[in-house]
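Residue 1 is where the sequence shown starts when you use the numbering used here, and the numbers rise one by one after that.
The beta-carbon is built from N, C-alpha and C at its ideal position, and this holds for glycine as well.
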Amino acid sequence: MTAHRTGRFHLALPTRSPDPTPLPGFLTDVRPALTDPAGRAAVAADLSGWAGALSPFDPTGQESLAVAANALRRTRHLRVVAEFHPAVAAPVYAAKLSASLQRFSAGRLGWRLAVDLDPAVARAQGDFLTGAARFARADEFLTVAKGVWGGGPFDFAGNFYEVVKGGFGAPLSSPPFPEVHLSGVSPEALELSRRHADVHVFAAGDDLAALVPELPGLRYGVHLPSIEAADEYAALGVTEFFLQTEDVYRLGEHVKERSVDR
């Protein structure tokens, strides 16, 4: 399988602890709770030679940036992408937090912005922006974050953020900016990727043959619907493959035959 030899595989880390198997009512459950399943999964992926892991945005699960920080702390080589909503923090704070994580992890952190949320989920997060305004804010978010990371003084005046004489000095400005992963197939999403993304991640079922030519110069990723689909997507130029935790065991037979580019 070509994809297993040339692609980079990323594990989607769990965001919640699984419920224990129910016991009969006449038994007292003294089993300890499973702690840190995401950290354990990250360690296993690191030891197995996986290229990376995704800490997904989960509105009712653990905070993805905290999960990513823990995964980075527990691993040596694994690259970890934290998916978060732009309204979770000001871009200057998100950049400063990430600059610190980059220093502690030798530059292994990546960002994925969850821009196009379900309206009910967005409102529950305190965010009432809709439509194209969400992508305009994401554009400003990334512009400001990259701007302050590049040193100072940095000034910016937009519709959503304003910075006056900002910018990081050494050592915060020394590590590389997180690799940016973006997704979506709307015109606004594609334009955001053209402006800011290193990797554009597609969903299974997206028309990659039509969409990839609209995003020249980027790397392409996909959330695999199954392991068997990897070669089909690799033929379309996809190099980054994301798998859910429950699919991971099916890669075991291919671990030795694939060559992972860290």
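Segment limits, beta strand (DSSP E) that includes residue i
i, result
"phenylalanine 9", "8-12"
"glycine 25", "Note, glycine 25: premise wrong, no beta strand (DSSP E); not H, not E."
"valine 238", "Taken as a continuous stretch (DSSP letters only), valine 238 belongs to no beta strand (DSSP E), as it is neither H nor E."
"valine 180", "179-183"
Bridge partner(s) assigned by DSSP for residue i
i, result
"arginine 79", "Gly52"
"valine 43", "DSSP lists no partner for valine 43."
"arginine 219", "Val199"
"glycine 166", "Phe154"
"phenylalanine 84", "Leu113"
Unbroken alpha helix (DSSP H) run spanning residue i, endpoints
i, result
"phenylalanine 97", "First, the residue type needs correcting, since residue 97 is leucine and not phenylalanine in the sequence shown. From DSSP, the alpha helix (DSSP H) with leucine 97 extends over 91-105."
"histidine 66", "Note that residue 66 is alanine in the sequence shown, not histidine. 64-74 is the extent of the alpha helix (DSSP H) around alanine 66."
"aspartate 231", "230-234"
"leucine 263", "Outside the displayed range of the chain (1 to 262) lies residue 263, so it cannot be described from this structure."
Proximity test, residue i beta-carbon vs the ligand NAD heavy atom, cut-off 8 Å
i, result
"aspartate 118", "Judged by which ligands are present, the structure shown has none, so any question about the ligand NAD falls away."
Neighbourhood of residue i by C-beta distance below 8 Å, restricted to the same chain and skipping five residues each side
i, result
"alanine 189", "Val115, Asp116, Phe135, Leu182 and Ser183"
"tryptophan 50", "Phe9, His10, Leu11, Leu78 and Val260"
"threonine 239", "Thr6, Gly7, Arg8, Arg219, Tyr220 and Gly221"
"proline 14", "Pro37, Ala38, Ala41 and Thr245"
"glycine 151", "Gly167, Phe168, Gly169 and Ser173"
"leucine 224", "Ala204, Ala230, Tyr233, Phe241, Phe242, Leu243 and Asp247"
"leucine 208", "Phe202, Tyr220, Val222, Tyr233, Leu236, Gly237 and Val238"
Same chain only: Cβ atoms within 6 Å of residue i, ignoring 5 sequence neighbours per side
i, result
"glutamine 102", "Leu109 and Pro175"
"serine 105", "Leu72"
Cutoff 7 Å; reference residue i; Cβ partners in own chain excluding five residues on either side
i, result
"serine 193", "Leu182, His200, Leu215 and Leu218"
"arginine 137", "Pro86, Leu129 and Phe160"
"glutamine 125", "Pro59, His85 and Ala87"
"glycine 158", "Glu140"
"aspartate 206", "Val185"
"aspartate 155", "Val163, Val164 and Lys165"
"aspartate 46", "Thr75, Arg76, His77 and Leu78"
"alanine 94", "Ala145"
### Message
Is it the case that the region 66-73 contacts the region 96-110, given that we only count it when at least three CB pairs across the two stretches are under 8 Å?
### Response
yes
### Task
Identify every run of the alpha helix (DSSP H) within the region 100-163, keeping only runs that are complete inside it and at least 4 residues long; order them along the chain.
119-124 and 132-149
### Inter-stretch contact (C-beta, 8 Å, three-pair minimum) for the region 50-60 and the region 19-29
no
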